[in-house]
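Colleague: Line by line, the protein sequences give chains Z and C.
When the letters of the first sequence are read in order and numbered with the working numbering, they come out as residues 66 to 222.
When the letters of the second sequence are read in order and numbered with the working numbering, they come out as residues 1213 to 1319.
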Amino acid sequence: MSKPVFVYVTYIASTTDKVFKALTSSEATAKFWFGNAVTCDWKVGSPIAFHREGKLILEGKVLEYDPPRRLSHSFRPMHDAAFSAEQPSRVVYELEQQRGQVKLTVTHDAFEEGSKVFGSISNGWPLVLSSLKSFLETGTTPIWAPWYDKPKEAAAS
Amino acid sequence: MDAVFKALADASRRELLDRLRAENGQTLNELCARLAKSGAAMTRQAVSKHLGILEDANLVATVRRGREKLHYLNPVPIHEIAERWIGKFEQHRLQALSDMKKALEQE
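See below:
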């Protein structure tokens, strides 16, 4: 077993069923993942894709699907040519019910040597996970994601 | 959130987080060896205790690999704190950073 590169943990006041459902629902991911709607038939080996405003942002294949405990897919960001040129990496979600809360552990590994995705990921995951937590606990989410949204005024100038 | 602030209110524990930021996924042995090499005065017992406090505050996440326990810096709680107080200024902050990046790259 290779050593994971990133391990992120968040505790969410919810149930494993609700957290798993949020991770695998188009409507939910579009809300907490800054507009990225997931589509997949959730069979091992099937393609998984995240679209945002009709644009393919992220694709991969389902590696493990064990609701509501474990989910894994390969991870290939498509919104930037430098990212999509790399070998896909791998993300694993593990959910554990601890009394009134869920311990959600996200591990990300299998990056290629000198990966550019690697740097982007380290900024992205804490944002996505705290957004997921807010979404499930309070129903509110931040509006946009700095790693692929350019500030509007800057884009215009 | 109290646990996060308490855990961060100690220079030794912040040092351990810095070490994990520099190299994620270290074992207790690796952390101790590197601390000793750079002349930091922290006993193995102290490192172990501090890691426990950091783990309780969710600032350190651990993964078992065989007999080894690997320690990872978990920035999620820090992000949650940032979001609570500085979230509404985020847009301006990112705008400023984006402008700075642009200016520096054009130099």
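Think of the CB as a built atom: it goes at the ideal place given N, C-alpha and C, for glycine as much as any other residue.
Could you compute how far the alpha carbon of Z/Thr203 sits from the alpha carbon of C/Arg1279?
Modeller: The alpha-carbon atoms of Z/Thr203 and C/Arg1279 are separated by roughly 39 Å.
Colleague: Are Z/Thr75 and Z/Leu160 close, meaning C-beta to C-beta below 8 Å?
Modeller: Result no, Cβ atoms of Z/Thr75 and Z/Leu160 do not sit closer than 8 Å.
Colleague: Answer with buried or exposed for C/Trp1297, where buried requires no fewer than 16 other C-beta atoms within 10 angstroms of its C-beta.
Modeller: C/Trp1297 should be labelled exposed.
Colleague: Identify each residue in the segment 172-206 of chain Z for which the Cβ-Cβ distance to at least one residue of chain C is less than 9 Å, and report them in chain order.
Modeller: Here the close residues are Thr172, Ser187, Trp190, Pro191, Leu192, Leu194, Ser195, Ser196, Lys198 and Ser199.
Colleague: If we ignore side chains and look at the alpha-carbon of each, how far apart do Z/Ala95 and Z/Thr104 end up?
Modeller: C-alpha separation (whole angstroms): 11 Å.
Colleague: Which same chain residues end up closer than 8 Å to C/Thr1239 when comparing Cβ atoms and leaving out the 5 residues on each side of it in sequence?
Modeller: Excluding residues within five positions, the ones whose Cβ falls inside 8 Å are Glu1280, Lys1281, Leu1282 and His1283.
Colleague: Just the Cα atoms here: how many angstroms apart are Z/Trp31 and Z/Ser196?
Modeller: The first residue shown for chain Z is 66 and the last is 222, placing residue 31 of chain Z beyond what the model contains.
Colleague: Is it buried or exposed, Z/Ser222, if we count other Cβ atoms within 10 angstroms and call 16 or more buried?
Modeller: Unreliable placement is indicated for Z/Ser222, whose pLDDT of 40 sits below 50; the coordinate value is still reported in the next sentence. So Z/Ser222 ends up on the exposed side.
Colleague: Can you name, in chain order, every residue of its own chain whose Cβ lies under 8 Å from the Cβ of Z/Phe148, other than the five neighbours on each side?
Modeller: Cβ within range, chain order: Arg141, Pro142, Lys181, Val182 and Ser185.
Colleague: Look at the alpha carbon of C/Glu1242 and the alpha carbon of C/Asn1236, and state the distance between them as a whole number of angstroms.
Modeller: Looking at the two C-alpha atoms, the distance is approximately 11 Å.
Colleague: For Z/Lys120, which residues does DSSP report across the bridge?
Modeller: Looking at the DSSP assignment, Z/Lys120 forms a beta bridge with Z/Arg117.
Colleague: Is C/Ala1221 helix, strand or coil when you go by DSSP?
Modeller: Here C/Ala1221 sits in coil by DSSP.
Colleague: Beta-carbon separation of Z/His138 and Z/Gly119 under 8 Å?
Modeller: In this structure, Z/Gly119 does not lie closer than 8 Å to Z/His138 by Cβ.
Colleague: Listed in chain order, which residues of the segment 1227-1252 of chain C have Cβ atoms closer than 9 Å to some Cβ of chain Z?
Modeller: Listed by position along the chain: Asn1236 and Gly1237.
Colleague: Can you check whether the C-beta of Z/Tyr130 is within less than 8 Å of a C-beta belonging to chain C?
Modeller: It does not: the Cβ of Z/Tyr130 has no partner Cβ on chain C nearer than 8 Å.
Colleague: If you draw a straight line from the C-alpha of Z/Ile113 to the C-alpha of Z/Val84, how long is it?
Modeller: Taking the straight line from one Cα to the other gives about 18 Å.
Colleague: What three-state label does DSSP hand C/Gly1264 in the structure shown?
Modeller: If DSSP states are grouped into helix, strand and coil, C/Gly1264 belongs with the helices.
Colleague: Please tell me whether C/Leu1263 has its Cβ less than 8 Å away from any Cβ of chain Z.
Modeller: Chain Z, which has no Cβ nearer than 8 Å to the Cβ of C/Leu1263, makes this no.
Colleague: Since I believe Z/Thr89 is in contact with Z/Gln162 (beta carbons under 8 Å), could you give me their beta-carbon distance rounded to a whole number of angstroms?
Modeller: At roughly 17 Å, the Cβ-Cβ gap does not stay under 8 Å, so Z/Gln162 and Z/Thr89 are not in contact.
Colleague: Report the neighbours of C/Glu1317 on chain Z: residues whose CB is nearer than 9 Å to its CB, in chain order.
Modeller: What C/Glu1317 touches in chain Z: nothing, since even the nearest Cβ is about 13 Å away.
Colleague: For Z/His224, does the three-state DSSP call read helix, strand or coil?
Modeller: Residue 224 of chain Z lies beyond the range of chain Z shown here (66 to 222); nothing can be said about it.
Colleague: Nearest CA to the CA of Z/Ala102: which residue from Z/Val167, Z/Ile77 and Z/Ile122?
Modeller: Here the closest residue by C-alpha is Z/Ile122.
Colleague: So what's C/Val1216 in DSSP terms, helix, strand or just coil?
Modeller: C/Val1216 falls in the helix class under three-state DSSP.
Colleague: Taking Cβ positions only, does Z/Val156 come closer than 8 Å to chain C?
Modeller: Cβ-Cβ to chain C under 8 Å: no for Z/Val156.
Colleague: Is it buried or exposed, Z/Val109, if we count other Cβ atoms within 10 angstroms and call 16 or more buried?
Modeller: By the 10 Å Cβ count, Z/Val109 comes out exposed.
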